[in-house]
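Right, here's the structure in full:
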């Protein structure tokens, strides 16, 4: 009382569905493995990100401390980039040369006395020059910047003559 073609088609469909169920189970297993791997990798990435963030925070704190130390140094310090722009002037330099106008961002020719500007152009990095400004003598120490970083320029430290001994 049955049709052989219909039975074959039903059996064939049953095998196809069973094969699809097995394939789904296999894919589900692969998906679980992949998900576990991604979870592990995400955990590792999060740990690495946390470490990098902590390092960046430590670096920022160190940089702030170094900047404040430089800013509070009891000697006038001026940093000039290769284009001749004042990139750094600590409290003492600002008090000595600033006349109430910020030095940072100004050109050397506008912001600093001629004697200091001349030091930048004629004194080789690593050398010193004696300068007289407003009746006070300074030894200007000139240092090259850029050996340990991408920045290029010069650092000038002015030491009042009576403090050198």
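Numbering (the working numbering), first residue to last: 4 to 168.
All C-beta atoms in this analysis are idealised placements derived from N, C-alpha and C, irrespective of residue type, glycine included.
Quantities reported herein were computed from a predicted structural model and do not represent experimental measurements.
With a beta-carbon spacing of about 5 Å, residue 111 and residue 87 fall inside the 8 Å limit used to define contacts.
Secondary structure of residue 82 (DSSP, three-state): strand.
Distances from the CA of residue 85 to each of 59, 10 and 154 were compared; the closest alpha carbon is that of 154.
A buried status is given to residue 80, since no fewer than 16 other beta-carbon atoms sit within 10 Å of its beta-carbon. Per DSSP, reduced to three states, the secondary structure at residue 134 is strand. Assignment of residue 161 by DSSP, reduced to helix, strand and coil, places it in the strand class.
Rounded to the nearest whole angstrom, the CA to CA distance from residue 44 to residue 132 is 59 Å. Within 10 angstroms of the beta-carbon of residue 97 lie 16 or more other beta-carbons, which makes it buried. For residue 145, the uninterrupted beta strand (DSSP E) segment begins and ends at 139 to 148.
For residue 110, the secondary structure class from DSSP, reduced to helix, strand or coil, is strand. In the DSSP assignment, residue 156 forms a beta bridge with 84 and 148. Residue 160 and residue 78 do touch by the CB rule: their CB atoms are close to 6 Å apart, below 8 Å. Following the DSSP letters along the chain, one finds residue 73 inside the alpha helix (DSSP H) bounded by residues 7 to 75. Rounded to the nearest whole angstrom, the C-alpha separation of residue 36 and residue 8 is 42 Å.
Per DSSP, residue 126 is not a residue of any beta strand (DSSP E), being assigned neither H nor E. Taking residue 90 as reference, the option from 148, 63 and 116 with the minimal CA-CA separation is 148.
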